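Protein sequences appear in the order of chains A and B.
Under this note's numbering, the residue at position 106 of the first sequence is numbered 106, and the numbers go up by one with no gaps.
Add 1000 to a position in the second sequence, counting from 1, and you land on the number used in this note's numbering.
The beta-carbon is built from N, C-alpha and C at its ideal position, and this holds for glycine as well.
Given the structure is predicted, the values throughout are model-derived calculations rather than measurements.
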Amino acid sequence: MIVEKRRTPRGHRKAAQESVSKTLRARLPAFPKRPKVRGGDFLLWLCAVTTGAVLVLYLMLLGVIAVNGLQSLWPKRVVTIEMEDGRRLIGQLQGHDTKHDRYRLYRANRVFQGDDFVWIEADQIETKDYHRDIVLVERRENGNLIGYLRAIQPGNLVSDEAALWQEVQKRRARVMAEEALAVTKLTKRMATINGRLEKLRLERRRYEDAGREPPDNLLQDETRLHETYLELDRRHLRLMASMRGQLVVLEDAAGIRHLVPFSQIVRAYRPNRLSTFDRLSIYGDKLVELFTEGPRESNTEGGLFPAILGTVMLVMLMSLFCVPLGVLAAVYLHEYASEGWLMTAIRLAVHNLAGVPGIVYGIFGLGFFVYGLGGSLDELFFAHKLPIPTFGTGGILWASLTMAILTVPVVIVSTEEGLRSVPRVVREGSMSLGATQFQTLVRVVLPMASPGILTGFILAIIRAAGEVAPLMIVGVVKMAPMLPVSDEFPFVHLERKFMHLGFHIYDAGFQSPNVEAALPMAYLTTTLLVFLVLCMSFAAMVLRARIRARYSELSL
Amino acid sequence: MSERSSANTVFQLPEGMPIAFELNNLNLHYGSSHVLKNINMKIPKHHVTALIGPSGCGKSALLRCLNRMNDLMERVKTRGSVKLEGEEINQSSHDIIRLRRRVGMVFQKSNPFPMSVFDNVIYGLKIAGIKDRKVLRDTCERCLRAAALWDEVKDRLHESALELSGGQMQRLCIARAIAINPDVLLLDEPCSALDPIATGRIERLIHDLRDHYTLILVTHNMQQAARLADYTAFLLNGELVEFNETSTLFTVPLERRTEDYITGRFG
């Protein structure tokens, strides 16, 4: 081992060196004076351009999504157009097709006119006009209405436009504050009673299944509750009827009058009278609605709150399962298992698992979690509810478990990478102080590997938030009647179905009955999903950077 | 080449001298290579013993046999007998945790843990289950003073140990090693990554520690061995060529190979 360094005596060495260099020199061809193509420069240029191109593509993608999404909330002015053929059209101009020189006009009033949008040729427009009294009403159902305010029912006919508008505002505020609130309270009470009735029904069924007579007080309770329920139902109907009787009368471009109950109005404004500040406040209002309200009109309007909540909750539950699972597996593979062909095979399998298409995991999740585990759980604990499944159907628990097994390979791979980066000398330092392998692992190795673990976590979040295909078969729905969290015990309902931003994009963009009208919502949802993924991974990255800064000095 | 090799490979320590380690027919294989060949030696207690030799001669491997650090490496097989104060330690039934508490180690590359200076020093105590804050604080101060580091770090005990300089980190590792109160301290080229000033500090520290511990030092630097060690062993290709009092080994080596090495003919 030391022989390689042994020197020949001085004189000999000199002679040997000379002869070697002579032969070497003789063999080398003359260097060209200057390379013709400066490969280095070209390669550098190519790398820079490629990086730039990729960045530009990403920015374009994000820009298109964000601009289209965010501008759709802006309250545009409403134009009245007289056409050459005598038709009169009212609506918002949305886009100009330069190739054919035509405009896309959003007319709203879809129930009466068929489509929301029409194309109008620019050369057929006779006059364009912005009437100040035009009213735009966003309704709970059937989309927006655009027209002139004509009357309020019940009430005296007010001829003065301004007074009428004021009256509309006042009346709407009252309906919202009093009657709508009363309805909400009533429905909530009815839901509670319904829940109790269901419990009693199940109890009665248990007696009947066992072949015994249910006790009298049970039956009495049931009857009493049922009567209360019917009474509440009657009150509910009366309230609804009285609310439906309070109407706004609007007249559209064709002179047809439409009745809109106040309770159906989400928002009403006169788009041509708004100041910039008014527009901004409406924009803000709509943005808030987006984050806090549920969807309307089969997901083409309204907010995205249930979908946001579903997505965040899915990702959080998924991390809860996949991070410990992945870290434990990686620790075993890297710290305890001895290397060999079996380990190589396992590692190869883990790497390959990361590349299996999501839908395959979805089908596995359906078979194993939903039907297998869920079905058994139902038989064991919820037999009295069968044939209605509790856990034996898609739900957020099964969806997040499916996502967890989908993302576990990523966590394993990067955790192993993190463990590999912990210098051996640090482990030995700990062991030399009398620490066991486990103590070393917990106190020194895992903290130092945490940047790697967090990288896996980030990658898992990104993959999970973007996957839609497997979710579609293990619990995502177009419209979930109830959120997976509530103020009722046990607060988190893991068996419930949920909504998801990714599925919402697919649903609004491609499955809705009115795709054109749903386009803004598809853009908005996409913006929000991208933003959400960005936020979650950014938070994790900041955390990782902090931890890295703490340990960076050690990689001497 | 080794016309004098039969002369005295097994050097006998003076009669009655307390022995820390006694190695008998120690062999170490790493995979297919034979790293240590039939090592027989007695390492005296409360003295500094240096292990010298060219790279790859097995001196670190020998050192790591003394606290069974080689157990952590796969494909390493150790055969033979290693006795610490008469107790056989080279068998799997021996309590390795207790052994490592008795035989501390300082590594070539300083390896502070990513925690505060204080937590680094008391790491060994904490994992041994000592929770008394006062004991921990006192030990920390005592060991940092012993490692001549107290004055430099007393105001930043709770800052990260990774912000210390290279020499300070190495002294911290020494403080950490003596915190668990070992009998023996193994030093594996503790100065090789340090500048001359830091090296001087560590050498002074080793000099001060010799009265309390049995020190075994692996070094590349023969002057360092000459300066610090009472006894020196020269290893070559896995063999213990010569083991003697330092002054004898460096002035009148019995072996031709030792002479070649210390006079700089090779290595």
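Among the options, nearest to residue i - alpha-carbon criterion
{"i": "L89/A", "options": "I256/A, P32/A, Y58/A, D233/A", "result": "I256/A"}
{"i": "R1102/B", "options": "V1082/B, L1249/B, T1263/B, I1178/B", "result": "I1178/B"}
{"i": "F1107/B", "options": "D487/A, T525/A, R427/A", "result": "R427/A"}
{"i": "T402/A", "options": "S430/A, M318/A, V477/A", "result": "M318/A"}
{"i": "R550/A", "options": "N1070/B, L1186/B, K1083/B, E1159/B", "result": "E1159/B"}
{"i": "N144/A", "options": "A518/A, F457/A, T525/A, R546/A", "result": "A518/A"}
{"i": "M313/A", "options": "F112/A, M479/A, N194/A, M499/A", "result": "M499/A"}
{"i": "V266/A", "options": "V168/A, F117/A, L232/A, L62/A", "result": "V168/A"}
{"i": "I1019/B", "options": "N1244/B, A1233/B, T1214/B", "result": "T1214/B"}
{"i": "M479/A", "options": "P295/A, L55/A, F368/A", "result": "P295/A"}
{"i": "S1192/B", "options": "S1055/B, M1069/B, N1244/B, N1024/B", "result": "S1055/B"}
Simplified DSSP state of residue i, which is helix, strand or coil
{"i": "S263/A", "result": "helix"}
{"i": "T393/A", "result": "coil"}
{"i": "Y1030/B", "result": "strand"}
{"i": "T1199/B", "result": "helix"}
{"i": "G143/A", "result": "coil"}
{"i": "K1037/B", "result": "strand"}
{"i": "R1100/B", "result": "helix"}
{"i": "Q92/A", "result": "strand"}
{"i": "L532/A", "result": "helix"}
{"i": "I256/A", "result": "coil"}
{"i": "P306/A", "result": "helix"}
{"i": "P1018/B", "result": "coil"}
{"i": "S1160/B", "result": "strand"}
{"i": "G69/A", "result": "helix"}
{"i": "M1169/B", "result": "helix"}
{"i": "E301/A", "result": "strand"}
{"i": "E4/A", "result": "In this prediction, E4/A has a pLDDT of 48, which is less than 50 and means its spatial position is unreliable; what the coordinates show is noted afterwards. Reduced to three states, the DSSP call for E4/A is helix."}
{"i": "Y283/A", "result": "helix"}
Length of the line joining the Cα atoms of residue i and residue j
{"i": "G340/A", "j": "G434/A", "result": "28 angstroms"}
{"i": "R1265/B", "j": "V411/A", "result": "54 angstroms"}
{"i": "D123/A", "j": "N109/A", "result": "25 angstroms"}
{"i": "M1017/B", "j": "V442/A", "result": "43 angstroms"}
{"i": "R1079/B", "j": "E1022/B", "result": "14 angstroms"}
{"i": "Y523/A", "j": "L483/A", "result": "23 angstroms"}
{"i": "A30/A", "j": "R544/A", "result": "53 angstroms"}
{"i": "P261/A", "j": "P154/A", "result": "11 angstroms"}
{"i": "L380/A", "j": "F391/A", "result": "11 angstroms"}
{"i": "C1065/B", "j": "G1104/B", "result": "12 angstroms"}
{"i": "H1094/B", "j": "L1186/B", "result": "19 angstroms"}
{"i": "E141/A", "j": "S512/A", "result": "15 angstroms"}
{"i": "L1099/B", "j": "I1089/B", "result": "8 angstroms"}
{"i": "G1129/B", "j": "G365/A", "result": "45 angstroms"}
{"i": "V363/A", "j": "P470/A", "result": "Sequence inspection shows Ile at residue 363/A; the Val mentioned does not correspond to that position. One C-alpha to the other measures close to 7 angstroms."}
{"i": "I597/A", "j": "E293/A", "result": "Residue 597/A lies beyond the residue range present for chain A, which begins at 1 and ends at 556; the question has no answer from this structure."}
{"i": "V542/A", "j": "E126/A", "result": "58 angstroms"}
{"i": "A268/A", "j": "A464/A", "result": "39 angstroms"}
{"i": "H236/A", "j": "N514/A", "result": "32 angstroms"}
Residue i vs residue j beta-carbon contact at 9 angstroms
{"i": "G1124/B", "j": "R1171/B", "result": "no"}
{"i": "V533/A", "j": "I462/A", "result": "yes"}
{"i": "L1235/B", "j": "K1059/B", "result": "yes"}
{"i": "R172/A", "j": "N272/A", "result": "no"}
{"i": "V468/A", "j": "G502/A", "result": "yes"}
{"i": "L202/A", "j": "E222/A", "result": "no"}
{"i": "S263/A", "j": "M176/A", "result": "yes"}
{"i": "D507/A", "j": "N299/A", "result": "yes"}
{"i": "G91/A", "j": "R102/A", "result": "no"}
{"i": "A540/A", "j": "I458/A", "result": "yes"}
{"i": "A180/A", "j": "M243/A", "result": "yes"}
{"i": "T415/A", "j": "A383/A", "result": "no"}
{"i": "I1174/B", "j": "A1147/B", "result": "yes"}
{"i": "L419/A", "j": "V331/A", "result": "yes"}
### Task
Report the residues of the segment 419 to 434 of chain A with a CB closer than 9 angstroms to any CB of chain B, ordered along the chain.
P423, R424, V425, V426, R427, E428, G429, S430, M431, S432, L433, G434
#### Entry: Interface residues of the segment 79 to 99 of chain A facing chain B [CB-CB below 9 angstroms]
none
#### Entry: Selection of the segment 446 to 464 of chain A by Cβ proximity to chain B, strictly under 7 angstroms
Residues P447, M448.
### Task
Report the residues of the segment 1057 to 1075 of chain B with a CB closer than 8 angstroms to any CB of chain A, ordered along the chain.
Residues passing the 8 angstroms Cβ filter: C1057, N1067, M1069, L1072, E1074.
### Message
What are the residues in the segment 1073 to 1107 of chain B lying within 8 angstroms of chain A by C-beta distance?
### Response
Look at the segment 1073 to 1107 of chain B: the residues with a C-beta under 8 angstroms from a C-beta of chain A are E1074, I1097, R1098, R1100, R1101, G1104, M1105, F1107.
### Query
Taking any Cβ of chain A, which residues in the segment 1216 to 1239 of chain B have a Cβ under 9 angstroms from it, in chain order?
L1236, N1237, G1238
### the segment 482 to 494 of chain A: positions lying closer than 8 angstroms to chain B by Cβ
The residues in question: there are none.
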